[in-house]
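In our numbering, the protein residues as written are 53 to 810.
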């Protein structure tokens with residue numbers, strides 16, 4: 053059945069995309085069955101979007117991407133004689149997630165709908181659960197005859213169930229995928245949960261189009277897991293509404309856009325942006341998505357076939373330039389799929405990351421790569437946009453997971469409302485032969501990328517075709533040579549490197565850097581300070597990386613590998629005087645993001661993610677820069693006292709504590725002022741040594757263990773202190789440290805009744 057027969061009029065109501073013509077609603081009765089009794093579902097972690105595109109596929113629940121654009125987080129489809137329901141996060145199969153709001157009700161509805169049962173006759177349905185004892189137990193409690201299905205008896209057990217629940221990324225091979233496909237085509241039901249962006253992080257070098265097990269399983273149904281993050285539409289997660297727009301469906305979006313461009317039913321600006329966002333997701337997700345979309349849109353794209361170069365001064369807006377964003381997306385996706393010998397320079401490369409002088413002479417260079425160190429290995433070479441480079445290695449390095457990477461600007465901007473540069477400008481090429489060719493339409497610094505546990509020792513790589521880039525390596529590069537020649541190399545990007553940290557910045561800002569040695573020794577001290585506080589050894593598995601960019605995927609800076617920041621902070625990165633002073637607020641952010649890379653989930657409970665990170669910020673400021681928390685306007689004693697007084701007067705509510713990181717940090721600062729940094733070091737080191745069985749598994753356990761371990765370390769009972777702050781801990785935990793003398797900061801009085809956590 054075709055669920056998108058005509059195009060009507062679209063409207064936006066109460067912040068959600070709605071459709072005004074009942075004839076256009078996707079499978080009304082099916083959607084009603086799935087959403088029966090469901091008004092809201094939760095958002096576990098950060099779910100990702102689904103791409104919905106075939107006639108029998110339809111969105112069930114929508115989430116936000118950006119400010120006013122939506123994408124499916126739950127979708128359903130027919131597959132032969134069977135039915136499928138897909139969820140945009142693996143934790144939708146978790147009993148903990150299913151216990152929140154109406155999420156469990158939706159899951160039960162999905163299982164019954166997939167099994168073609170109603171609530172009355174679906175209670176005793178046999179349901180298979182692939183490798184998930186927790187979900188099996190949950191379903192048994194809901195009245196289903198749930199059976200666990202493992203690899204060795206997959207085909208046999210599928211014959212004994214009517215619906216299978218599966219996390220597709222756990223499937224081991226094509227045979228299992230084909231077995232499940234046959235099961236559904238013959239009339240079985242399937243409920244699947246996965247996460248596109250999460251799978252990509254765990255499988256570098258692979259693609260959702262070709263490699264993702266869930267997409268190979270469901271592509272023919274018209275549902276695929278896509279890249280990107282989703283935002284909530286409610287405080288808890290996502291509102292469940294039955295009036296979803298066809299613009300969430302690829303064909304619905306394409307048809308509406310074509311009619312709009314031909315002068316038929318007009319879409320308003322937000323609807324055009326919604327349609328384009330849906331189509332771009334198809335471009336990036338479907339096999340051959342760019343060609344498919346070009347073929348379906350035909351003449352619609354021609355008016356916008358022009359030179360498209362997004363820049364910070366002239367960005368591409370989702371609201372103002374949707375068609376231009378769509379054209380650029382198809383161009384980029386096609387370029388990303390080209391073999392290296394066919395890649396040409398992209399016209400936007402000159403704006404960012406930058407051009408290479410036409411007279412720059414390519415060179416050949418031999419580099420030694422220590423594969424005991426995972427991650428990106430800098431080569432000191434730059435690939436000009438569209439220029440072919442070659443990398444030769446010995447046979448022992450072939451098919452070992454090594455890649456040639458071109459480009460340090462790894463943030464992808466597809467979900468940003470505004471593009472100040474092209475949204476995806478790096479390329480990676482796996483080393484599967486002794487000679488590897490590589491090219492990037494945008495150019496970029498050349499790296500050899502080493503996977504974890506490569507264990508190949510030191511290997512040699514001969515690189516040809518690159519341009520020399522400024523590269524300073526502490527302990528290896530002669531400072532005089534740096535001043536006279538290296539810093540003047542013509543590649544647009546430079547790097548400064550130690551065994552602990554690497555800075556990637558525009559070459560223009562290191563032209564007057566006379567003393568890179570002092571700068572990088574400073575950065576080593578920063579890394580050592582963070583390691584000392586975290587209880588890590590100072591010798592790192594790989595250096596931390598900082599990369600400056602004209603636009604990043606989230607925030608003003610963000611943590612990760614690499615830590616990303618904007619271009620203005622690039623100048624701070626390489627200025628020791630600014631880093632040692634309080635004259636530039638960027639230093640707080642730099643050390644903050646470094647702190648994120650040193651945090652542990654063991655001692656960071658929900659609401660404390662932006663709190664415990666700043667212990668590292670404060671430690672570096674104090675011990676490396678010689679600055680104190682008093683020098684930050686939010687942490688003067690006067691400000692802290694005023695904020696705390698109001699918090700306690702208002703009842704010391706934990707939900708307020710969790711929403712105000714600077715307020716919450718005051719709790720930790722007072723502990724540090726009383727017991728010193730050594731107490732934190734000892735506790736963090738203790739956590740690192742814990743066997744897996746003793747590590748906290750839940751937020752309740754994290755709060756309890758943090759209270760006990762810190763109290764035992766300092767020999768004081770901090771239970772009343774935690775209670776006064778409103779941080780919940782269990783009665784049993786507080787009783788377990790009752791033998792210690794109670795500690796409260798001087799002048800800090802207990803003003804609330806003890807909380808209990810049963």
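No residue lacks a Cβ here, since even glycine has one placed at the ideal position from N, Cα and C.
Where does residue i sit, in a helix, a strand or coil, going by DSSP?
i, result
"residue 280", "coil"
"residue 792", "coil"
"residue 474", "coil"
"residue 427", "strand"
"residue 699", "helix"
"residue 417", "strand"
"residue 631", "helix"
"residue 599", "strand"
"residue 251", "helix"
"residue 758", "helix"
"residue 606", "coil"
"residue 409", "coil"
"residue 242", "strand"
"residue 731", "helix"
"residue 90", "coil"
"residue 450", "coil"
"residue 484", "coil"
"residue 422", "strand"
"residue 434", "strand"
"residue 621", "helix"
"residue 679", "coil"
"residue 784", "helix"
"residue 797", "coil"
"residue 297", "coil"
From which residue to which residue does the beta strand (DSSP E) around residue i run?
i, result
"residue 112", "110–117"
"residue 777", "Note, residue 777: premise wrong, no beta strand (DSSP E); alpha helix (DSSP H) at 771–777."
"residue 591", "Residue 591 -> no beta strand (DSSP E), and no H or E assigned at all."
"residue 124", "121–131"
"residue 104", "102–104"
"residue 558", "553–558"
Could you tell me the distance, in whole angstroms, from the CA atom of residue i to the CA atom of residue j?
i, j, result
"residue 601", "residue 183", "42 Å"
"residue 203", "residue 243", "18 Å"
"residue 179", "residue 81", "23 Å"
"residue 316", "residue 351", "15 Å"
"residue 73", "residue 267", "Per-residue confidence for residue 73 stands at a pLDDT of 39, beneath the threshold of 50, marking its modelled position as unreliable; the derived number appears in the next sentence. Roughly 32 Å between the two C-alpha positions."
"residue 384", "residue 435", "18 Å"
"residue 555", "residue 733", "27 Å"
"residue 496", "residue 479", "9 Å"
"residue 812", "residue 276", "Residue 812 cannot be examined here, being either before or after the span of the chain that is shown, 53 to 810."
"residue 334", "residue 443", "34 Å"
"residue 201", "residue 574", "55 Å"
"residue 332", "residue 378", "6 Å"
"residue 756", "residue 704", "18 Å"
"residue 649", "residue 584", "13 Å"
"residue 628", "residue 103", "47 Å"
"residue 677", "residue 608", "22 Å"
"residue 506", "residue 450", "11 Å"
"residue 746", "residue 754", "11 Å"
"residue 512", "residue 619", "33 Å"
"residue 121", "residue 324", "10 Å"
"residue 308", "residue 321", "13 Å"
"residue 134", "residue 313", "37 Å"
How far does the alpha helix (DSSP H) with residue i in it extend, from its first residue to its last?
i, result
"residue 51", "With the chain covering only 53 through 810, there is no way to say anything about residue 51."
"residue 669", "661–675"
"residue 585", "568–586"
Return yes when at least one heavy atom of the ligand GTP lies under 6 Å from the C-beta of residue i, else no.
i, result
"residue 723", "The ligand GTP is not part of the structure shown, which contains no ligands of any sort."
Assuming residue i and residue j are in contact, meaning their beta carbons sit under 8 Å apart, how far apart are those beta carbons, in whole angstroms?
i, j, result
"residue 117", "residue 329", "7 Å"
"residue 160", "residue 194", "6 Å"
"residue 595", "residue 553", "5 Å"
"residue 519", "residue 414", "6 Å"
"residue 708", "residue 720", "Residue 708 to residue 720, Cβ: 16 Å. No contact."
Under 7 Å, Cβ to Cβ, is there at least one residue of chain D near residue i?
i, result
"residue 416", "Among the chains of the structure shown, chain D does not appear; only one protein chain is present."
Write down every uninterrupted run of the beta strand (DSSP E) in the segment 493–534 whose length is 3 residues or greater and which is fully enclosed by it, in chain order.
Runs of the beta strand (DSSP E) inside the segment 493–534: 496–502, 510–520 and 523–525.
Uninterrupted alpha helix (DSSP H) stretches inside the segment 202–226 (no shorter than 4 residues)
Uninterrupted alpha helix (DSSP H) stretches at least 4 residues long and entirely within the segment 202–226 occur at 206–210, given in chain order.
Inside the segment 300–386 only - alpha helix (DSSP H) runs reaching at least 4 residues:
Taking only runs of at least 4 residues, the alpha helix (DSSP H) segments lying wholly in the segment 300–386 are 302–313, 321–337 and 341–349.
Restricting to runs no shorter than 4 residues, where is the alpha helix (DSSP H) found entirely within the segment 133–193?
Runs found: 147–150, 155–166 and 185–193.
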